[in-house]
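Numbering (the numbering used here), first residue to last: 1 to 111. Ideal Cβ positions, reconstructed from N, Cα and C, are used throughout, including at glycine. Small disclaimer: the values here were computed from a predicted structure and weren't measured. Following: one structure in structure tokens, then a few remarks.
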């Protein structure tokens, strides 16, 4: 049963997806073009098992979808607007001090 997520739930899901560098790399790769898992694993230099776990997270967050293609399955962003959102986020956060983290990084798991 599909339900409409609240604004907070949507942002929390997006944040969860972006919290991991590998998932960020996956989203950026899929923003460039839809891809097959084996190609993504090769281009990102990670195992297919690890890739599968990250893709499952992104599917659960509602950010990517699978598209059957014969005997294979292709992945793509769930909505083209996600690509624009990624571009906007990258443009908004252009400078980060690499020697700084959030004050609550130790206890809250951020940054």
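- Counting along the chain, residue 39 sits inside the alpha helix (DSSP H) bounded by residues 37-44.
- In this structure, residue 67 keeps its C-beta atom at 8 Å or more from the C-beta atom of residue 78.
- Residue 93 carries a coil assignment under DSSP once its states are collapsed to helix, strand and coil.
- With three or more CB-CB distances shorter than 8 Å, the stretch 19-31 counts as touching the stretch 45-58.
- A residue is called buried once 16 or more other Cβ atoms fall within 10 Å of its Cβ, and residue 75 is buried on that count.
- When the alpha-carbon of residue 9 is set against those of 54, 63, 72 and 73, the nearest one is in 63.
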